[in-house]
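Residue numbers for the sequence shown follow full-length UniProt numbering, so the first one is 1 and each next one is one higher. By construction, the Cβ of each residue, glycine as well, lies at the ideal position given by its N, Cα and C atoms. Inspection log for the structure reproduced underneath, given as structure tokens.
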Amino acid sequence: MTDDWQNETLHPSWRQGFKVTRVLYREKTDVQDLVIFENPTFGRVMMLDGVTQLTERDEFVYHEMMAHVPLFGHGAARRVLIIGGGDGGTLREVLRHASVEEATMVEIDRAVVDRGLEYMPMVSAGAFDDPRTRLIIADGIRHVAETDQRYDVILVDSTDPAGPAEGLFTASFYAGCKRCLTPGGILVVQAGVPFVQPGELGRVQANMRESFAHASAYVLGVPTYVGGVMTLGWASDDDTRRVPPAEVLTRRVEAAGLTCRYYTPALHAAAFALPAYITTPGPTLAP
């Protein structure tokens, strides 16, 4: 932190900064460096190892798209596994689906959960108190390799592929996820911002294809994730679940009675239409 600014330096030749009006918490945990502070525009902000994870103002974009696209795409998910996501935002959106009977969250860093509840409770909005929630503080890689549980949807709400999250982008991890999925199950993972991380999505999809018949991606725009639209990787053995017809999506959303700030059935379908620079990245898009 420099003076009253917190800089993010995820990319070697591009950085963004947040004006800090108050530092609420800072800790070097056993896993990573955690800081939560207040910003005049984005409200409360959480960073891990100097990288923006979420802000109070725009977190709904990522969390709605991480949860609702696969859950409405599946249409009958009862058991959901979330790897990471200790702030509870993805869990919050998953639990808005009445069809979900159990949501298991495996988070490696207890401090992210505890400090999120203390300083950013509006993000989880009571999700950890829901009786359908099962919180496990453990390594997600080990969980998918060893658990005897099976899930209809797995959501990997992780940091970028470095440090504690590096193993969450490997073919062996995706094989573990495949082992835990029910037939027709869906895996969705955080896959970076392709304009400034052009190799990340390709790596994710190549590793997914070692275990799944279909690997794709969809896009979303989070204002504080620098570099343009970000991607979420998608894998399943049932490609028909990727984009159900618009009328099917609309009926599912209406039946669920959900009102979202970003997600809509039309946006669900449109999100899978990828820009050409993502599908065929050019040589000028180096990090």
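- Shown here, His97 sits in coil according to DSSP, grouped into three states, outside any helix or strand.
- Straight-line measurement puts the Cα of Gln6 at about 15 Å from the Cα of Glu27.
- Per the C-alpha coordinates, the member of Ala103, Ser99, Ile83 positioned closest to Arg92 is Ala103.
- His214 is bridged by DSSP to Ser236.
- By the C-beta density criterion, Gly17 is exposed, having fewer than 16 other C-beta atoms within 10 angstroms.
- Apart from sequence neighbours up to five positions away, the residues of its chain that approach Ala215 with a beta-carbon distance below 6 Å are Gln205, Met208, Arg209, Ala235, ordered along the chain.
- A contact is defined here as three or more CB-CB pairs under 8 Å, and the region 78 to 89 meets this definition with respect to the region 112 to 122.
- Judged by DSSP secondary structure, Asp157 falls outside any alpha helix (DSSP H) and instead within the beta strand (DSSP E) spanning 151 to 157.
- With respect to the C-alpha of Leu155, the residue from Ile141, Gly50, Val193, Tyr277 having the closest C-alpha is Ile141.
- Excluding its 5 nearest sequence neighbours in each direction, Val188 has C-beta neighbours in its own chain below 6 Å: Pro70, Leu155, Leu232, Trp234, listed in chain order.
- For the 8 Å CB-CB criterion, Ala67 and Thr90 form a contact.
- Tyr174: not part of any beta strand (DSSP E); member of the alpha helix (DSSP H) spanning 171 to 180, first to last residue.
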